[in-house]
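Per this note's numbering, the very first residue in the sequence shown carries number 1389; after that it's consecutive. Every residue, glycine too, gets a C-beta built ideally from N, C-alpha and C. Please read all numbers here as calculations on a predicted model, not as lab measurements.
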Amino acid sequence: MTHRPHQLACFALLGAFALACSDDAGNAADESAAASDTCDETRRPIVFVHGFFASGDSFSNHVQRFASNGYCEERIFAFNWDTSSMQGLGAGNVETAVPLLDAFVDEALAKTGAEQIDLGGHSQGGQLGMAYLSAPERAAKVAHYAHFGSFALPDGPPGGVPTINIWSPADAQAANGGGFPGVPDVELGDQDHFQMATSPESFLATFEHFNDGESPETTEIVAEDTIEVSGLAVGFGDNLPSPGGTIDVYAIDGETAERRSETPVATFTGDGAGIWGPFTAEPDTYYEIHATSAIGQIHVYREPFVRSHPLVYVRSMPAQGSLTFTMLNSYQMTPDAFDDAEARLTFNTSGQSVRFGRDTLTVDGENVATAEIAEPSNTTLAVFFNDGNGNGQSDLVPSGGLPIQLPFLTGFDQVFPSDPARAIPVVFNGRTINVRNWKSKSEGASVVVFD
């Protein structure tokens, strides 16, 4: 199958930035521009809108599942917007984002030649979806709308667009209860807030809704022999392009996390738009994605890629003085707080939260899915590891954070000495990713990502 994941990533950046690709990736993007021989170009394009403190990669599982069912990846778009400011907690940020989303939809229609899109909004992205559909001229561009784990709907489908409401009573962030006039409910049992937009059950309901009752051939992410990987380098929280820098991709030993070669398998130079890739990944191979910029260094570790993945995000430090910078600094996760005697590690999951009593998470053999860290009401997606009280030892208790309570994020007092160099095993629900204990000050922090 011929894919265009790099073009999707180029197109996915707010709609306000030029669709410019780096020189390193330009030829590959041009070569992939031929129409696919096997995907169905008659399928209506899809636009997904993420929620608070999230990014377009929230929908990476759904994108791969739609592609596994014949959708062309270049006809699936993820709209990135900044929900990280304090304004983002209210309606003001949504109102500001509506014209940006409208321009993005117009570009998607122009790029695909379609007359309408199908739209999906998760959490605060659902609030933006409702605001977008409130004007008849915008609603006319949308054939179907999927409301994932979001706020209460108005009377009747937003803008008169056929809508489904995917919700769960176990959703600690937006258990809207359903029962909205003219809107079918899809209740997903005990699934959490992020599973509303990532699970196979959510995909099944969304596919059938977008295709007027037609069922998908599979709800699995189907493996491919040729795997192209690409994505965006953006600031954590604000989703703004990371300035300049390079991204080096290394094949690594899955057990030791050591690089198989000193030479990266691919290198990409920042072009100002945050776009990187594509590179061709080998099946059953672990990779380290090493991003270097003026802000610092990040080492991203993931599980082996199964099929082409167009939404691999590399998050750098946000602008100093922003809410997200202040928040990261409170967890000692900014370069000024780093120390070469210690490694800094962040655990991140986008497919589901870590929930006490349901999930298991161990890091370097220590249980992290405790009642305090994985409190279900917090919907924990990211854990920042640090020496919270500066005593040089692992106290294995919550640490850091702002005086205000923010969902999804937490800290854990666990120290990882950087000498001797070794692998740190991270095990989430039986899945293992090993990461290196880099010297944080001079070599950067490690981020382990479970989709």
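| By the 10 Å Cβ neighbour count, where 16 or more other Cβ atoms means buried, how is G1633 classified, buried or exposed? | Residue numbering aside, residue 1633 sits at position 245 when the sequence shown is read from its first letter. Its Cβ being crowded by 16 or more others within 10 Å, G1633 is buried.
| field | Pairwise C-alpha distance: F1595 and P1604 | value | Sequence index remark: in the sequence shown, residue 1604 carries index 216 (1-based). Sequence index remark: in the sequence shown, residue 1595 carries index 207 (1-based). P1604 and F1595: Cα-Cα distance of roughly 7 Å.
| field | Other residues of its chain near I1379: CB distance less than 7 Å, five sequence neighbours each side excluded | value | The first residue shown for the chain is 1389 and the last is 1839, placing residue 1379 beyond what the model contains.
| task | Could you please give me the residues that DSSP links to T1634 through a beta bridge? | result | Walking along the sequence shown from the start, residue 1634 turns up at place 246. Paired residues: T1657 and T1680.
| message | So for D1801, helix, strand or coil by DSSP? | response | On the sequence shown, position 413 is the one that residue 1801 refers to. Reduced to three states, the DSSP call for D1801 is strand.
| query | With respect to the alpha helix (DSSP H) encompassing F1591, which residues constitute its N-terminal and C-terminal limits? | reply | Here residue 1591 is taken as the residue at index 203 of the sequence shown, counted from 1. That run of the alpha helix (DSSP H) goes P1588 to F1598.
| Of the listed residues G1565, V1756 and Y1520, nearest to L1549 (C-alpha basis) | Residue 1549 sits at position 161 when you count from the first residue of the sequence shown. Residue 1549 is actually Val in this sequence, not Leu. The candidate whose alpha carbon is nearest that of V1549 is Y1520.
| field | Spatially closest choice to I1761 from F1744, T1644, V1751 and T1673, by CA coordinates | value | Indexing the sequence shown from 1 puts residue 1761 at position 373. Closest option to I1761, Cα to Cα, is F1744.
| message | Can you list, in chain order, the residues of its chain with a C-beta nearer than 6 Å to that of F1838? Leave out the 5 residues immediately preceding and following it. | response | In the sequence shown, residue 1838 corresponds to position 450, counting from 1. Cβ within range, chain order: T1737 and F1816.
| message | If you reduce the DSSP assignment to three classes, tell me which class E1730 lands in. | response | Residue numbering aside, residue 1730 sits at position 342 when the sequence shown is read from its first letter. Three-state result, E1730: strand.
| Using the rule of at least 16 other Cβ atoms within 10 Å of the residue's Cβ for burial, across every protein chain shown, is D1807 buried or exposed? | Along the sequence shown, one-based indexing puts residue 1807 at 419. Flag for D1807 reads exposed.
| field | Whether T1586 touches N1457 by CB criterion (8 Å) | value | Taking the sequence shown and counting its residues from 1, one reaches residue 1586 at position 198. Taking the sequence shown and counting its residues from 1, one reaches residue 1457 at position 69. Against a cut-off of 8 Å, the Cβ pair of N1457 and T1586 comes out as no contact.
| request: From the DSSP output, read off the bridge partner residues of F1351. | output: Beyond the ends of the chain as shown, which are 1389 and 1839, falls residue 1351; an answer cannot be given.
| For A1528 versus R1432, is the C-beta spacing smaller than 8 Å? | The residue you call residue 1528 lines up with position 140 of the sequence shown. The residue you call residue 1432 lines up with position 44 of the sequence shown. Contact: no.
| message | Taking 7 Å as the limit between beta carbons, can you name the residues of its chain near V1610, skipping five residues before and five after? | response | Here residue 1610 is taken as the residue at index 222 of the sequence shown, counted from 1. Taken in chain order, the residues that qualify are S1456 and R1695.
| task | Please confirm if the region 1644-1664 is in contact with the region 1500-1507, defined as three or more CB-CB distances below 8 Å between the two stretches. | result | no
| What's the gap between the Cα of L1730 and the Cα of D1428? | Along the sequence shown, one-based indexing puts residue 1730 at 342. Along the sequence shown, one-based indexing puts residue 1428 at 40. According to the sequence displayed, residue 1730 carries Glu and not Leu. In a straight line, the C-alpha of E1730 is about 50 Å away from that of D1428.
| field | Option nearest G1517 by Cα separation, candidates A1498, T1500, D1490 and R1463 | value | Locating residue 1517 in the sequence shown gives position 129, where the first residue counts as 1. Here the closest residue by C-alpha is D1490.
| task | Can you tell me which of the three DSSP states Y1520 falls into? | result | Within the sequence shown, numbered from 1, the residue matching residue 1520 stands at position 132. Helix at Y1520.
| To the nearest whole angstrom, what separates the beta carbons of S1828 and Y1689, a pair I think is in contact under 8 Å? | Your numbering for residue 1828 matches position 440 in the sequence shown. Your numbering for residue 1689 matches position 301 in the sequence shown. With 8 Å as the limit, S1828 and Y1689 do not qualify as a contact, their Cβ atoms being about 15 Å apart.
| query | In angstroms, rounded to a whole number, what distance separates the CA positions of V1752 and F1441? | reply | Taking the sequence shown and counting its residues from 1, one reaches residue 1752 at position 364. Taking the sequence shown and counting its residues from 1, one reaches residue 1441 at position 53. It is worth fixing the name first, because residue 1752 is Asp in this sequence and not Val. Spanning the two alpha carbons is a distance of roughly 27 Å.
| According to DSSP, is E1691 helix, strand or coil? | Position 303 of the sequence shown, counting from 1, holds the residue named residue 1691. Correct three-state label for E1691: coil.
| query | Buried or exposed: where does P1569 fall if 16 or more other Cβ atoms within 10 Å of its Cβ makes it buried? | reply | Along the sequence shown, read from residue 1 onward, the residue named residue 1569 stands at position 181. Exposed, since its Cβ has fewer than 16 Cβ neighbours within 10 Å.
| query | In terms of residue numbering, what span does the alpha helix (DSSP H) encompassing N1564 cover? | reply | Position 176 of the sequence shown, counted from the first residue, corresponds to residue 1564. Where N1564 is concerned, there is no enclosing alpha helix (DSSP H), given that its DSSP letter is neither H nor E.
| task | May I have the straight-line CA-CA distance separating E1525 from L1790, to the nearest angstrom? | result | For this step, residue 1525 is matched to residue 137 along the sequence shown. For this step, residue 1790 is matched to residue 402 along the sequence shown. Near 42 Å, if we compare the C-alpha coordinates of L1790 and E1525.
| query | Between P1786 and G1778, which are expected to be in contact by the criterion C-beta below 8 Å, what is the C-beta distance as a whole number of angstroms? | reply | Within the sequence shown, residue 1786 is the residue found at index 398, counting from 1. Within the sequence shown, residue 1778 is the residue found at index 390, counting from 1. No, P1786 and G1778 are not in contact; Cβ-Cβ is about 15 Å, not under 8 Å.
| query | What first and last residue would you give for the beta strand (DSSP E) that runs through T1551? | reply | To locate residue 1551, count along the sequence shown from 1; it is residue 163. T1551 -> beta strand (DSSP E) spans T1551 to W1555.
| query | Quick one: what's A1534 bridged to in DSSP? | reply | Locating residue 1534 in the sequence shown gives position 146, where the first residue counts as 1. In DSSP, A1534 forms a bridge with G1508 and I1552.
| F1539 - DSSP class collapsed to helix/strand/coil | Position 151 of the sequence shown holds residue 1539. In the structure shown, F1539 sits in coil (DSSP, three-state: anything other than H, G, I, E or B).
| query | Does the distance from the C-beta atom of A1757 to that of L1749 stay below 8 Å? | reply | As a working mapping, residue 1757 is identified with position 369 in the sequence shown. As a working mapping, residue 1749 is identified with position 361 in the sequence shown. In contact: A1757 and L1749 (Cβ atoms closer than 8 Å).
| Per DSSP, P1764 forms a beta bridge with which residues? | Numbered from its first residue, the sequence shown carries residue 1764 at position 376. Note: P1764 sits in no beta bridge, so no partner.
| task | Label V1766 either buried or exposed according to how many other C-beta atoms from any shown protein chain fall within 10 Å of its C-beta, with 16 as the threshold for buried. | result | What you label residue 1766 is simply residue 378 of the sequence shown in a count that begins at 1. The amino acid occupying residue 1766 in the given sequence is Asn; Val does not appear at that position. Buried, by the Cβ-count rule.
| message | For N1717, report the span of its alpha helix (DSSP H) as first-last. | response | As a position in the sequence shown, residue 1717 is number 329, starting the count at 1. Taken as a continuous stretch (DSSP letters only), the alpha helix (DSSP H) holding N1717 covers L1711 to S1718.
| task | Drop a sphere of 10 angstroms on the beta-carbon of D1600, count the other beta-carbons inside from all chains shown, and report buried for 16 or more, exposed for fewer. | result | As a first step, residue 1600 must be located in the sequence shown, where it is residue number 212. It is exposed - the Cβ of D1600 has fewer than 16 other Cβ atoms within 10 Å.
| task | Please determine, among V1486, V1493 and S1511, the residue with the shortest C-alpha to C-alpha distance to S1522. | result | Working through the sequence shown from its first residue, we reach residue 1522 at position 134. Checked all of V1486, V1493 and S1511; the closest Cα to S1522 is V1486.
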